[in-house]
Amino acid sequence: MKSIILFLFLAATSYGFGQQLVYTPKNPAFGGDPFNYTWLLNSANAQNSFEDPNSEFGNLGDFGSLNDSLNNQLLQNQFGNQTPQVGTSTNGNLEYEVFESNEGLIINILDITTGEQTQILIPN
Numbered sequence: 004m005k006s007i008i009l010f011l012f013l014a015a016t017s018y019g020f021g022q023q024l025v026y027t028p029k030n031p032a033f034g035g036d037p038f039n040y041t042w043l044l045n046s047a048n049a050q051n052s053f054e055d056p057n058s059e060f061g062n063l064g065d066f067g068s069l070n071d072s073l074n075n076q077l078l079q080n081q082f083g084n085q086t087p088q089v090g091t092s093t094n095g096n097l098e099y100e101v102f103e104s105n106e107g108l109i110i111n112i113l114d115i116t117t118g119e120q121t122q123i124l125i126p127n
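Start counting the sequence shown at 4; every next residue gets the next number (my numbering).
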């Protein structure tokens, strides 16, 4: 009888292996996987119900249409009615990089003197 109890005790304890618990952070700021960054940021932005009243990028109102108009004038002055050629070119202090993507034709404009950049997307 004692041998059966000893056998059951040994059989039960052999299945009770434990392992060391290891903490792995999720936030990349604390050593976590850098691919979690966008998910964490999007999750935080989705939960944020506050809006900054002094935000520069909030409601642009008429400035949004003015920006579109200026972009159209810039494209018209630079490229005319023709489609811009894929590649890079310079005109004065501006450097243009034109390439195609899934979304359409993308034009990156860089002001060489100030380092300011803008991007124009022409949909397919």
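Just so it is clear, CB atoms sit at the ideal spot from N, CA and C, and this is done for glycine as well.
As a quick exercise: from the options, pick the residue whose alpha carbon is nearest that of residue i.
i	options	result
residue 111	124, 8 and 117	124
Below 8 Å on the Cβ atoms is my contact criterion, and I expect residue i with residue j to pass it. Report the Cβ-Cβ distance as a whole number of Å.
i	j	result
residue 96	residue 121	That belief does not hold up - the Cβ atoms of residue 96 and residue 121 are roughly 13 Å apart, past 8 Å.
residue 51	residue 43	Their Cβ separation, rounded to whole angstroms, is 12 Å, which puts residue 51 and residue 43 out of contact at 8 Å.
residue 106	residue 126	7 Å
Would you list the residues sitting across from residue i in a DSSP beta bridge?
i	result
residue 34	Its beta-bridge partners do not exist; DSSP assigns none.
residue 99	92 and 112
residue 23	None, per the DSSP bridge assignment.
I'd like the list of long-range same chain contacts for residue i, defined as Cβ closer than 7 Å, with 5 residues on each side in sequence excluded.
i	result
residue 98	91, 113 and 115
residue 34	28
residue 103	89
Which residues in the same chain have their Cβ closer than 6 Å to the Cβ of residue i, if we skip the five residues on either side of it in sequence?
i	result
residue 14	none
residue 108	125
Tell me which same chain residues have a C-beta within less than 8 Å of the C-beta of residue i, skipping the five on either side of it?
i	result
residue 1	Absent from the model: residue 1. The displayed extent of the chain is 4 to 127, so no value can be given.
residue 75	none
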